[in-house]
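Respectively, the protein sequence lines represent chains A and B.
Heads up, the final residue of the first sequence is numbered 884 in the working numbering, and it's a clean run with no missing numbers.
Heads up, the final residue of the second sequence is numbered 884 in the working numbering, and it's a clean run with no missing numbers.
Each residue gets a CB set at the ideal place from its N, CA and C atoms; glycine is no exception.
A short worksheet on the structure shown next.
Number of protein chains: 2
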Amino acid sequence: MGKKYVYFFGKGKADGNGKMKDLLGGKGAGLAEMSRSGVPVPPGFTITTEVCNYFYENKKKLPKDFKAQFDQSIKKLEGAMKKKFGSTEDPLLVSVRSGAKFSMPGMMDTILNLGLNDKAVEGLAAKTGNTRFAWDAYRRFIQMYGNVVMGIEKNVFEHILEAKKESKGVKNDTDLDTDDLKQIVDKYKAAYKEKTGEDFPQDPYVQLCGARDAVFKSWMNDRAIHYRKMNKIPDDLGTGVNVQAMVFGNMGSDSGTGVGFTRNPSTGDKMFYGEYLTNAQGEDVVAGVRTPKPINELEKEMPGVYNQLRGITSRLEKHYKDVQDFEFTIEKNNLYMLQTRNGKRTAQAAIKIATQMVKENLISKEEALMRLQPEQIDQLLHPVIDTNEKLNVIAKGLPASPGAAVGQAVFTADEAVEKAKNGPVLLVRTETCPDDIHGMEVAKGILTARGGMTSHAAVVARGMGTPCVAGCEAIKVNETAKKFEVKGKTYNEGDWVTIDGSTGNVIDGKVKTIEPEISGEFGVFMKWADAIRRLGVRANADIPRDAKKALEFGAQGIGLCRTEHMFFAEERLPFMQQMILAENEQERRKALDKLFPFQKEDFKGLLKEMKGYGVTIRTLDPPLHEFLPKTREEAQELSNKIGIPADKIWAKSHELHEFNPMLGHRGCRLGITYPELTEMQAKAIIAAACELAKEGIKVIPEIMIPLVGSVAELKDQKAVVVKIADETMKEYGVKVKYMVGTMIEVPRGAVTADEIAREAEFFSFGTNDLTQMGFGFSRDDAGKFIKIYVDKKIMKADPFQTLDQDGIGQLVKIAVEKGKKARKDIKLGICGEHGGDPDSVKFCHRVGLNYVSCSPFRVPIARLAAAQAVIEGKRAKKKNGKAK
Amino acid sequence: MGKKYVYFFGKGKADGNGKMKDLLGGKGAGLAEMSRSGVPVPPGFTITTEVCNYFYENKKKLPKDFKAQFDQSIKKLEGAMKKKFGSTEDPLLVSVRSGAKFSMPGMMDTILNLGLNDKAVEGLAAKTGNTRFAWDAYRRFIQMYGNVVMGIEKNVFEHILEAKKESKGVKNDTDLDTDDLKQIVDKYKAAYKEKTGEDFPQDPYVQLCGARDAVFKSWMNDRAIHYRKMNKIPDDLGTGVNVQAMVFGNMGSDSGTGVGFTRNPSTGDKMFYGEYLTNAQGEDVVAGVRTPKPINELEKEMPGVYNQLRGITSRLEKHYKDVQDFEFTIEKNNLYMLQTRNGKRTAQAAIKIATQMVKENLISKEEALMRLQPEQIDQLLHPVIDTNEKLNVIAKGLPASPGAAVGQAVFTADEAVEKAKNGPVLLVRTETCPDDIHGMEVAKGILTARGGMTSHAAVVARGMGTPCVAGCEAIKVNETAKKFEVKGKTYNEGDWVTIDGSTGNVIDGKVKTIEPEISGEFGVFMKWADAIRRLGVRANADIPRDAKKALEFGAQGIGLCRTEHMFFAEERLPFMQQMILAENEQERRKALDKLFPFQKEDFKGLLKEMKGYGVTIRTLDPPLHEFLPKTREEAQELSNKIGIPADKIWAKSHELHEFNPMLGHRGCRLGITYPELTEMQAKAIIAAACELAKEGIKVIPEIMIPLVGSVAELKDQKAVVVKIADETMKEYGVKVKYMVGTMIEVPRGAVTADEIAREAEFFSFGTNDLTQMGFGFSRDDAGKFIKIYVDKKIMKADPFQTLDQDGIGQLVKIAVEKGKKARKDIKLGICGEHGGDPDSVKFCHRVGLNYVSCSPFRVPIARLAAAQAVIEGKRAKKKNGKAK
């Protein structure tokens, strides 16, 4: 015998089982499993996903052996139901449903009542003694078949139905009698012929083949493709086709149909949850044509059925050890389960359910931790848009920093500060730059027209926990005129705008949002995660406020303090600018001396806040021109402030201009060309540590040299740091422990990591830059073509969002291996944006890093992902063990 | 016994030998070798380079065991010479000379006549019977010792000497008598005491220690450090110190001293070549105080000595199998050889000597090929500045394209074209861009204020063979005002300027240059190189003219044709711009259709020129904004030309602007977003090939997709190429062989080369971009800090000039290994600028590439480097074999 393409189920038996999701799809596997465990499901058979894939790979043909198995299964089903396909007495009717490995709600099309034709309808009427039902079923079938299989627009049929109701002066479908329905059937068939050029097929076998192929085709419809792309589901999984004997919920008031959950999927409360309709088919519930009743009413209406249903579903929950989302039909007081699957739920519900199931001894803590997608935690930490609101989405950008924000539009940082005194503001800019910080701090949300997921706006907003939609190219911002335009409409300063940083939506006007609530179960859940994870989780934070937030979210140290952010504050920037404009080292040192006390206090604050935990402080990284005026006017302003001629300032700005600043004079290259810069920073760090040490506060500063591509660079800067540290500790008369390490963010640094490790006590992977340089993608420019790449499937995902494990990950791996070889106890971390991306966190675990560092609001996400990485590792090991 | 620090030589014996250059320095090893082989050299001893290194590593102290060996050697020398140090009767006098492993002419200081003091001078006078000579020697010694050991300025002594001559009314030193010299000695000693606070040391042992340490110290003087940096000699080799008994060429007319070469070092002619002075010390020859006589006059003056000298030196040449550069002294008709070493020579001489020595059966062809530094070939291909000219060097930039050029300054490409009709012009610009090509083509030389060794100006100039000095930051160019300023002086349009692209010098005015001459020996020599090398050598060429040049220089194909250069021609650019400004694909295709015939003809020309050889054609690479106007005015001009509103053009320029164009929308990213672009280019290439094939001309186009970082990108573009190729060949009814491959220039491409090789038939390493991305250095911006890096020894060399083998080379290695693993017969080449750098070429050989490709003028250099790589490989293998 050849390959098995069709799997039968029913009557307490099944060819397949619940584990065969790859082959049978989730629905098919579920039906098989239920059937095996004695749950009353209508019998039927599943055509495997392999047939679907064959269909696509072979110009929509089917495998050679398929037809025989298919025909045989139909015979078997007829036997099981004791009905015949197309019988004029007691015809077999079937449903045809899709079912892929992953649930794709609303994506695939379903056909019911298949098998009816002009003769069978009479047979059905005779057998059930319900002529009206039979004709209504036939009417529904033609409509569904015409629409789904033949692609006839729905309104073609709806017009006919509406016209009939109008002519009869009735409102509801149920008010139509058999004759009405017969007339409608005739009109439907006529419409069918008009639209397709063919008669409506009378042969049930032809109908079944048509429906089957329609399911296959729907695998590649736009909605399905879109859904898979959104959910990162590969295209080559294929869908199964489930053919199942029909049972009827519309056979009178002793019949009905419904859907339900074993627990509340919104709150997680342990309560039987669902809704049903009497005298209706499943599609009525789903389509929302009639308003269904809450499931507890079923207890009164049909107590026996209700109890049976509760018994079965709680058995199913125990069996699957998870909340079940089920569909059922009652045919003349007989209960049939049509489907069951693990229920989708909100983050809040997921945590409550998982923790309760642990208490109920239903699942282990490890299993509980796997029940929440780390990304979902975001829902718990940020305001969300009220789902009851009707949204006028005017544009879509990148979901750069999660949460919803409502505010009046402002267009400059200064305006933001001014207007924020009177109410919430939303900062709208073409792009942000470091001197917008003060405005970003007061804004409820940030919207930019340009820049990617790791643009300045995105990075800073995530650090602050402020919602942000970035790179929203549809809007044209005019900062001077204080307005932005989108699709022909203009928004001026003061106009209300809402953004959803979790979806990227930009919404017209003021929309109601819901503040997050953190439950007690969340704390319990996260403790479990902490107990199991190996990977440390730190936060990226530049100021004590962020550090405090990070601690609240469970960070165990700071993985990245960007010292440059400290230079943009109003009272410091002029000194920074004087330093840059200095003619010689002496002048430069004078300006640096003025910056020194500020820096020392910065570091003291940060080290104090994080006492006991490591704090990684990076020496100056960005190119110096970022601190200088961008326009002639700004140069004049600065000149007025600091007394240096505007021409000179402007000339310096010009001189420092770079064609590719990302690959320019920045990172350790600054410290190497101006050692006095590193000296000042090292002194400020060590002095801060010494002063705290004298107060008896434990501190561990870790000085990190950025953009190191060769060991000679690190050696140079380390020598400066060590010299200054020795001097400073001598000055204070106290010894403090400190470390010197480096970022690995330049590809050359990764491939020569062994040499670098001889000097570096730690590596922190700067995967943002490593991605930029590894791919040759400027994160500020690549947004445009990365979108096209993802659409064309040249890339699975934006590599700035999720670490590209195949390529950039290899550079990380090489560096880890070489680094450990050269220095056994080297500390390894990551401080790029990827440190907060669950998939990337798991990669970091697997590759053997010691910690990840991410923005404070992503710390809980990273903690959970780190725990899941351990569990997944164990499971994979177990699986491999078994495979042997 | 401990380590041996002092090696004695003399009287036909020696502790050391000629192979011990590391330990004894070149001079010390040479003296030992000569002594061993019976050449008459004054006896002496050599202090090893290890002592010098110890001196520097131990705060200028000497090894413990050293003193005993040193003292013993002095005794032995006294014995050998039968003289005593400080004797009042027959004092031993010695010379003290430095001598490192590599000859460093003029870099190290020498002391002669050491051992003289107030008493010994009388002894010397008595023994030689020449009082004047003795006092002159003493006078010279104090002067030299005071200057070299104690750092007293030369003019202190010269003033005393001049004053004496003036007071006596004489012109020459020789006109001074003994009394004069005695008075001078007194004044010298007084000056010595005044300057140093100490008496002139009378103890010869103290003198010797002082001189020895002065030699050690001179290893780290600025000139020495600079020379080593220029010649890439490590600092930790150290110098030897040679202490050798003095012999005197100034003992009358039967004495003398001279220097010579066994062959002419300028022309390579086999003739005894040199000069000498009678009654003089060696320093007189070197210092050029008196004009020496040509050596053939010695034959008449002292025929016996002359014949002995010829005999010895020709023996030495045979012994060392190379031209000898020797020094000798005749003391009362006795010949002493003071030094011999392999002579430096011009490129022309090197080739002539090497080829003749092969004919003479003195050396093998392989040995001959090692006798020329590949880089030297450049001297043979470009005009050079006449060494007799006095140069007013006004600035120094990067030696971006070799050769000297003289011309009148012009500041725009259009001016260049205009003015070039009347005489030679030199194009001076802040930086060049692709639309300057027409000006660059007519200019004799190019000078830019910004940009590195691989900036646009540098790359294009090298391709054309036009001399270029780039990144000359000292000059401030004002294109609008048509002038440049340097050190306060202004040069206007029409002013004469000379540049030396081999040194980076910018010279005021019109300087005489010498045109290159290529000798017959050069052809012979290069044939030997071709016979031995394994590596293919191709050229980077975009147009038939360059391809022709490349063939002349021995290229075996084109390794890189940059198709974008074709789009800048005046009649094509507007179509390119229309393509970019197109609103949709259809408009874009219309513009591309107009470009198609041009491209087809371009490729036909190139393929025809190179018939039989492979021609690698790269699809469009640069970002599109490079083709659009840079200013509002240019946008208006273009608008007038092509009828598209200036606002729209300007808006598009703005839209396409990128923060980091190097990491932006370029390379295959263009072809992926606009497949019609690749389609047009593929069609033009295949159509050209088909048309030539029909004419019976053999062609092998190799279509190369740039900037591939993942196999999916290549797959996408390859599919486009293959589809178009199939269609086009069908259209022409002819089959042509073509290949599809990729550049490996993105680090991610290198680490995933195994995947990429499954699609690519060849890899060409784009080491320019690989260096940019691997280091994170923008080649347009990094010039500034790379200079500092090289000065601080953080880098050995500019990685854009010489491939960084440790880092970027590792990426190449990884890609080679992975590529070969996935596709055994994959063709591997390099087309970055490094393809013409000898060290990089040798690396390419070792790493297993099939060919290198470089600018036409560097093809001969690469051919020789490739041959040397084979020879070096054989030698290393032999050495390793022996080591086993």
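Beta bridge counterpart(s) of residue i as assigned by DSSP
i	result
arginine 534(B)	Partner(s): none; arginine 534(B) has no beta bridge.
alanine 684(A)	BP columns for alanine 684(A) are empty, so no partner.
proline 574(B)	None, per the DSSP bridge assignment.
tyrosine 7(A)	Thr46(A)
aspartate 500(B)	Ala404(B) and Asn505(B)
isoleucine 330(B)	Gly256(B) and Leu335(B)
aspartate 386(B)	Paired residue(s): none; aspartate 386(B) is not in a bridge.
leucine 828(B)	Phe763(B)
isoleucine 794(B)	Paired residues: none, contrary to the question.
Closer than 8 Å to chain B by CB, residue i
i	result
arginine 858(A)	no
histidine 456(A)	no
methionine 743(A)	no
valine 746(A)	yes
isoleucine 580(A)	no
valine 751(A)	yes
glycine 807(A)	yes
leucine 811(A)	yes
Residue range of the unbroken alpha helix (DSSP H) whose run includes residue i
i	result
arginine 228(A)	222–230
asparagine 155(A)	154–168
leucine 592(B)	585–609
serine 98(B)	Note, serine 98(B): premise wrong, no alpha helix (DSSP H); beta strand (DSSP E) at 94–100.
threonine 430(A)	Unbroken run through threonine 430(A): none, as it is neither H nor E.
alanine 214(B)	204–218
Of the residues the options, the one placed nearest residue i, counting alpha carbons only
i	options	result
methionine 464(A)	Lys82(A), Ala550(A), Thr728(A) and Ala529(A)	Ala550(A)
threonine 128(A)	Asp621(A), Glu375(A) and Asp90(A)	Asp90(A)
serine 455(A)	Pro597(A), Ala29(A) and Ser401(A)	Ser401(A)
threonine 267(A)	Lys359(A), Ala354(A), Ile225(A) and Gly12(A)	Ala354(A)
aspartate 593(A)	Phe603(A), Met576(A) and Glu609(A)	Met576(A)
Span of the beta strand (DSSP E) around residue i
i	result
glycine 667(A)	Here glycine 667(A) belongs to no beta strand (DSSP E), and DSSP marks it neither H nor E.
Residue-chain proximity (residue i, chain A), Cβ-Cβ < 8 Å
i	result
isoleucine 649(B)	no
threonine 278(B)	no
methionine 453(B)	no
**OP:** Note down, in chain order, all residues in the segment 713–737 of chain B with a beta-carbon under 7 Å from any beta-carbon belonging to chain A.
**Re:** Glu713 and Asp716
**OP:** Give the residues from the segment 775–804 of chain A that approach chain B closer than 8 Å (Cβ to any Cβ), ordered along the chain.
**Re:** Phe775, Gly776, Phe777, Ser778, Asp780, Asp781, Ala782, Lys784, Phe785, Ile788, Tyr789, Lys792, Lys793, Ile794, Met795 and Asp804
Original post:
At a Cβ cut of 7 Å, what residues of the segment 49–79 of chain A count as close to chain B, listed as they run along the chain?
Top reply: none
**OP:** With 9 Å as the C-beta to C-beta threshold (strictly closer), list the residues of the segment 819–844 of chain B near chain A in chain order.
**Re:** none
Original post:
Taking any Cβ of chain B, which residues in the segment 687–716 of chain A have a Cβ under 7 Å from it, in chain order?
Top reply: Leu707, Gly709, Ser710, Ala712, Glu713 and Asp716
Original post:
Closer than 7 Å, Cβ to any Cβ of chain B: which residues of the segment 659–677 of chain A, in chain order?
Top reply: Phe659, Asn660, Pro661, Met662, Leu663, Gly664, His665, Arg669, Ile672 and Thr673
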